[in-house]
Each structure stands twice: as C-alpha cells, then as structure tokens.
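When you read off a place in the sequence shown, starting at 1, and then add 72, the result is the number in the working numbering. Written out below as structure tokens is the structure these notes cover.
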Amino acid sequence: MPSTDLLGSYFDFWVSNMGTNVLETNTKPDNFNLLSFLATVQHLQIQFLPLAWDVGRGLVGIGGTSRIHQALMDINTSFAFKTFHKRHIPEERVFRSLTTEITVLSQPFVREHPNISQLQGISWDISPDDDKPWPVLVFEKSHLGDLYHFVQHSGKNMSLEERLGLCSDIGNAIMDMHANYIVHGDIKPENVLVFRDKSGKYRARLIDFGYSSRYAHDAQQLELPRSRPWNAPENEGHMPMWTPAEAVKSDLFCLGMVYFWLLFEPHLRVMARPGQNVRTEDILHEVKQELPKHIYDFLKMAAISDHGLETILLRVFQSLLAYDPHERESERVEEFLKAMNPQRKS
Numbered sequence: 073m074p075s076t077d078l079l080g081s082y083f084d085f086w087v088s089n090m091g092t093n094v095l096e097t098n099t100k101p102d103n104f105n106l107l108s109f110l111a112t113v114q115h116l117q118i119q120f121l122p123l124a125w126d127v128g129r130g131l132v133g134i135g136g137t138s139r140i141h142q143a144l145m146d147i148n149t150s151f152a153f154k155t156f157h158k159r160h161i162p163e164e165r166v167f168r169s170l171t172t173e174i175t176v177l178s179q180p181f182v183r184e185h186p187n188i189s190q191l192q193g194i195s196w197d198i199s200p201d202d203d204k205p206w207p208v209l210v211f212e213k214s215h216l217g218d219l220y221h222f223v224q225h226s227g228k229n230m231s232l233e234e235r236l237g238l239c240s241d242i243g244n245a246i247m248d249m250h251a252n253y254i255v256h257g258d259i260k261p262e263n264v265l266v267f268r269d270k271s272g273k274y275r276a277r278l279i280d281f282g283y284s285s286r287y288a289h290d291a292q293q294l295e296l297p298r299s300r301p302w303n304a305p306e307n308e309g310h311m312p313m314w315t316p317a318e319a320v321k322s323d324l325f326c327l328g329m330v331y332f333w334l335l336f337e338p339h340l341r342v343m344a345r346p347g348q349n350v351r352t353e354d355i356l357h358e359v360k361q362e363l364p365k366h367i368y369d370f371l372k373m374a375a376i377s378d379h380g381l382e383t384i385l386l387r388v389f390q391s392l393l394a395y396d397p398h399e400r401e402s403e404r405v406e407e408f409l410k411a412m413n414p415q416r417k418s
C-alpha cells in the first residue's frame, strides 16, 4: 500500500495537473485511477473499515453506477455495501464515480444532513475475475430498503401524510444540494433509502452520488445519465454535456416525477389501457408528456383535505413537470417544503 507521504504528494500532483479544485467533479475520466482515489480518500480523511464484503449479501437497491447490498454484522449492526459494475464500465470511469461520490459525501453540509445517507467508510471487494481489490463504499443500514421496493411492498399501504413526509425529505436533500452548487444527476426511487426514526415515522435519505457534480462556475460542463421514466424530456440523448443551470432544471423534472409517482402510485393504473398489466413506472413512461393535463384529477383522487396544501402541490407539479425547462422553478419546491415544515430555512 502506498505510504502516507507518497499519497499526499500524489494528491498535490494530481490536483495540479487537473487544473481544478478537488471539490469540482467534472474532470476527464482518464485522470482517475486507484492511486488518485486513495489520495482523495486520505485528503478527505475517510476511514478504511476492517470489514469484508461478499457476494452473498442481500440486495438493497440498484443505482446507475452501482449495486447496494445490506450485510448483517451482528444482531445490532448492519451496513449497506455499495459495489461498482466493473465489467460494464471502464476502470477510469469507475474511479471517477467513486471519487465524485466520496467528494460530495464529505462536504460538511452533507455530513450533517438528515436526508442524505451517511458514508461510514471504505472497505474492499476482491474481484473474482482478476483478484484485484476494488473499493466498496460502506453506508448506514436501511432495513426498509430503497423507496421503489418499499412503495411496492411493505410501504404500499402508506397514508397520504406519510407519502407527503417522504416527499418533503427528498425535496429537502435536493434543494439543499442545489443551494450548495451540487447537482444530483440521477434522482429516482431506487436512489432513495427509507428508514424509520425513533418515533416510528418513515424518513427518506438520498443515495448514489456517482453522477453528481459540484460546480464552480456557470460555464462548467456536466454529464448526466438517463434513467427512464424519471429523466427530463430534454435528456433523451440530444445533449451530451450540460451547464449547471440546465442540469438543475433536469434535476427538478426528475424530482417532480418521483413526487408524482410516490403520491399517486395507488391511482396510476387508471391511466393504463384496458387489460394492460404493467408496472406503474411503465405507465408513467407512456403518459409522461400528458401528465400536466392530469395533475388536478390526481390531486382530487388523493383526497387532500388541506385546500392550501392542495393548491401548493398543483403549482409544484405544473412547474416541475413542465416540458419547457425554463418554466421549472425551485421556488415552487421551497413553497411546498415550507408548508410541510414552517421552520425550514430556504
């Protein structure tokens, strides 16, 4: 293993040659490798944990760049292990994604955020293909799994109030990231973990920052993945690179899609064709362009008793699900978050 002095020197050399601050995360992928990753880990003071990971662990969720498995270490301790798809992604891109994620997760506001999953440290996965050690990100446990599977199974009978609470948690994380110049890039139910707090309330925490970008100026070029049906309509392969402003607008559309699915999932099948037996996200994909026309009807089906909140949600969906990115406004999300928590500081 390289010495501390060597890693420190390499970190300085790497940052100098990139011509960028370590907090920016859009550097060309051929600058990333195991040594640069280790240097970043040392600089960010992230712990290496004496934990072994094995392939038999239960799958918690799947992100765009990784898989998350949960492991029971003893009767009281459980961790989620995030491994990367090495067989399908170039090695440089794997380390780029790893470096991006640990950089974002090491930001002070992220470390203190109640709605962002906390990085516990780094472990190692020995590849069965070539016996190489690969980094594994270790997160806090989630016995309820990701939002997608939770809503489909143990959480399918959630009340509207509980669904609104999860929407609020997700919005808190995204809006606070945007306020700190970070674009998530891949907002979808699989990238949200669900927990129960001490009072028994469901809480949501955002995960998978492999496609995130922390930008330093408005002209910076960012890359975004495409996760259907959650992706923005402008993200259909026509834009290889994005400005921060464009990426934020894309994030807002994805957030609107997750909100729509989470709140109205029990009612979405009314939009399926007669005899059609498909997943609710497939229905969303087919009717995505028509969703703004049906917002009012779905709000009525949800039977929201608070007329003021219903009006706010109408404005939220009309804004976030607009096909014109310029019509999507962060202020509408903040209005909803403030209604859910009057003490929130925007």
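Here a beta-carbon is modelled for each residue, glycine too, at the ideal position from N, C-alpha and C.
Check, Outcome
"Nearest residue (CA-CA) to L294, options L121, E212, Y253, W302", "Y253"
"Straight-line Cα distance separating P205 from K417", "43 Å"
"Cut-off 8 Å between Cβ atoms - residues of its own chain near R341, not counting five sequence neighbours on either side", "T352, I355"
"Buried or exposed by the 16-neighbour rule on C-beta atoms within 10 Å, applied to Y287", "buried"
"Minimum length 3: unbroken beta strand (DSSP E) runs contained in the stretch 207-276", "264-268"
"Which listed residue (D197, S240, L123, E233) has its alpha carbon closest to that of P414", "S240"
"Closest Cα partner of Q190 within the set E173, D197, D202", "E173"
"Beta-carbon contacts of Q119 that lie in its chain and below 8 Å, excluding the five residues immediately before and after", "Q192, G193, I194"
"Closest residue to D323 among P200, D369, L393 (Cα-Cα distance)", "L393"
"Inter-residue CB distance, V320 and H221 (contact presumed, cutoff 8 Å)", "So it is not a contact: roughly 28 Å between Cβ atoms."
"Whole-angstrom C-beta distance between V208 and K154, which should lie under 8 Å", "6 Å"
"Residue burial classification, F281 (beta-carbon count within 10 angstroms, cutoff 16)", "buried"
"For L236 and M230, the rounded distance between their alpha carbons", "10 Å"
"Buried versus exposed, by CB contacts within 10 Å (16 or more), E337", "buried"
"Three-state secondary structure assigned by DSSP to L79", "A caution first: L79 carries a pLDDT of 49, below 50, which makes its placement in the model unreliable, though a value can still be read off. Of the three classes helix, strand and coil, the one that applies to L79 here is helix, per DSSP."
"Beta-carbon gap between A304 and F325 smaller than 8 Å", "yes"
"Buried or exposed by the 16-neighbour rule on C-beta atoms within 10 Å, applied to A111", "buried"
"Segment limits, beta strand (DSSP E) that includes Q114", "Per DSSP, Q114 belongs to no beta strand (DSSP E); it is in the alpha helix (DSSP H), 106-116."
"CA-to-CA distance, E407 to D202, given in whole angstroms", "52 Å"
"Close Cβ partners of G357 (< 8 Å) along its chain, the five nearest in sequence each way excluded", "According to the sequence as given, residue 357 is His; it is not Gly. Cβ neighbours of H357 beyond the five flanking positions: R300, P301."
"Identified DSSP bridge partners for P286", "With the sequence shown as reference, residue 286 is identified as Arg, and Pro is not the correct amino acid for it. I254."
"T137 classed as buried or exposed, judged by whether at least 16 other C-beta atoms fall within 10 angstroms", "Here the model assigns T137 a pLDDT of 49, short of 50, so the residue's position is not dependable and the matter cannot be decided."
"Separation of E403 from L381, as counted between CA atoms", "15 Å"
"Given P316 as reference, the closest of G309, P261, H256 once Cα atoms are compared", "H256"
"Buried/exposed call for A245, threshold 16 Cβ in 10 Å", "buried"
"Distance between L177 and Q117 (C-alpha atoms, nearest Å)", "12 Å"
"M247, buried or exposed, once every other Cβ within 10 Å from all chains shown has been counted against 16", "buried"
"Which listed residue (S284, L409, F370) has its alpha carbon closest to that of V182", "S284"
"Spatial distance of F211 from M311 (CA atoms)", "33 Å"
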